[in-house]
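Q:
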Amino acid sequence: MSTPIPLTERLLINAGGWPAMKAARDVVKAGRVTEARYEPPLLTGFVREGAKNYRSGLRIKSAADVENLCTCWESRSSGKICGHSVAVGLALLRPVSAIVLEQPKIEEAPAGPKFVPIGSEDAKPAKLHLILPPNFMSAWAKGQVMLVVEAEVGANRTLLSALPKNAAFAADESDLALIEGLRAFPAIFASGMALSSRDAFLRLLPSLQNHPRITFGKAVRVTISSVAVRPKLEIEQCANGGITVKAKPMPNTMLLWNATDAWLLQKQEFVRYGEALPAGAAH
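Position 213, counted from 1, in the sequence shown is what my numbering calls 256; the numbers after and before it change by one each time, with no gaps.
#1: Helix, strand or coil for lysine 148? Go by DSSP, reduced to three states.
#2: For the stretch 292–312 and the stretch 107–123, state whether three or more C-beta atom pairs, one from each stretch, are separated by less than 8 angstroms.
#3: Can you tell me whether leucine 320 is helix, strand or coil according to DSSP?
#4: Buried or exposed: where does glutamate 193 fall if 16 or more other Cβ atoms within 10 Å of its Cβ makes it buried?
#5: Would you check if the stretch 61–77 and the stretch 126–134 touch, i.e. whether three or more CB-CB distances between them fall below 8 angstroms?
#6: Relative to the alpha-carbon of valine 265, which residue among Cys281, Leu248, Gly197 and Lys275 has its alpha-carbon at the smallest distance?
#7: Near phenylalanine 244, which residues of its chain fall below 7 angstroms by C-beta distance, leaving aside the five closest residues on each side in sequence?
#8: Along the chain, where does the beta strand (DSSP E) that runs through phenylalanine 158 open and close?
#9: To the nearest angstrom, report how far apart valine 314 and glycine 162 are at their CA atoms.
#10: Where does arginine 75 land, buried or exposed, given buried means 16+ other C-beta within 10 angstroms?
#11: Would you identify the three-state DSSP class for alanine 325, choosing helix, strand or coil?
#12: Going by beta carbon distance, what residues of the same chain come within less than 7 angstroms of alanine 166, once the five residues before and after it are set aside?
#13: Can the beta-carbon of leucine 171 be found less than 7 angstroms from the beta-carbon of aspartate 215?
#14: Please state whether DSSP places serine 105 in a helix, a strand or coil.
#15: Could you tell me which of Lys289, Val191, Gln311 and Ala184 sits nearest to leucine 173, measuring between CA atoms?
#16: Could you please give me the residues that DSSP links to phenylalanine 89 through a beta bridge?
#17: Quick one: what's got a C-beta closer than 8 angstroms to histidine 254's C-beta in the same chain, skipping five residues either side?
#18: Applying the criterion that 16 or more other CB atoms from any shown protein chain within 10 Å of the CB defines a buried residue, is methionine 180 buried or exposed?
#19: Short of 7 angstroms in beta carbon distance, which residues of its chain neighbour leucine 85, apart from the five on each side in sequence? Order them along the chain.
#20: Could you tell me whether any non-hydrogen atom of the ligand COA is closer than 6 angstroms to the CB of alanine 184?
#21: Which of the three DSSP states is assigned to leucine 248 in this structure?
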């Protein structure tokens, strides 16, 4: 019977690298790991990521042979050992009870005008326009996406921040959804614009689905589809008798992804990618 491999931080760093370890430390510090256990060779646990709870962990056959078991998108698409699985091991080595957790910050509602449904009394009709970088691919590559929001009231169109702070404006459902999504960017309400990280931008996209006034620059219309694309899968027989399942690349598209979500940019349309995959299809 083989000797169990001891779980150490050095093993976790060697397996996942410093980027995964850095992400894992943040996860553990936030107390997002539960049910962590190590029964060699299996390290298992759950990691909370927003509204999702990933089954994460590692199969540690030896110090040099470590397999990722996490169900997150990053693991399934690239096969890399992610911060979620490293966090499960780190949570065992550094129990959360020994860590002073950060107190959750209670964010105040952004200062700005009030947006209410169409038909509300004493509210002026308004339409919102979201302007994305004209060269979106370049902005995405740099990891910073500039968001600019303008409000159209009557014949005037100004930055959102220029609207009277104590006024009420009647907006359609797409604009009300946009406003809710923009609450993650307080700078929008203060200056009319904000820089978004890749992760924050992907989290915003569901709030923009089917919004009629989104553009690259001020001229090129952009669509955020509410329909998900199910990728075509390629299945390969492995020499050891197992199979490998891969998503077949789609031509003329740009893949935008993080640990929890993936979208495709097809010309001027953002489409959610892979949401319709059956559970376990990537394994």
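Using N, Cα and C, we set each Cβ at its ideal position, and we do this for glycine too.
A: Looking at the atomic coordinates:
#1: Only weak support exists for where lysine 148 lies, its pLDDT of 49 falling under 50; the value from the coordinates is given anyway. Note: lysine 148 maps to coil in three-state DSSP.
#2: At 8 angstroms Cβ cutoff, the stretches touch.
#3: Interpretation of leucine 320 is limited by its pLDDT of 46, a score under 50 that renders its predicted location unreliable; the figure taken from the coordinates is listed afterwards. Leucine 320 falls in the coil class under three-state DSSP.
#4: By the 10 Å Cβ count, glutamate 193 comes out buried.
#5: yes
#6: Leu248
#7: Val188
#8: 157–160 is the extent of the beta strand (DSSP E) around phenylalanine 158.
#9: 32 angstroms
#10: Counting Cβ neighbours within 10 Å, arginine 75 comes out buried, since at least 16 surround it.
#11: At alanine 325, the pLDDT of 37 sits below 50, so the modelled position is not reliable; the number obtained from the coordinates is stated separately. Coil, per DSSP.
#12: Val159, Ala211, Phe212 and Ala213
#13: No, these two residues do not count as a Cβ contact at 7 angstroms.
#14: strand
#15: Measuring from the Cα of leucine 173, the nearest candidate turns out to be Val191.
#16: Paired residues: Thr77 and Arg98.
#17: Leu173, Ser217, Asp218, Ala220, Leu221 and Ile267
#18: Exposed.
#19: Gly100 and Arg102
#20: Ligands are entirely absent from the displayed structure, and the ligand COA is therefore not among its contents.
#21: helix
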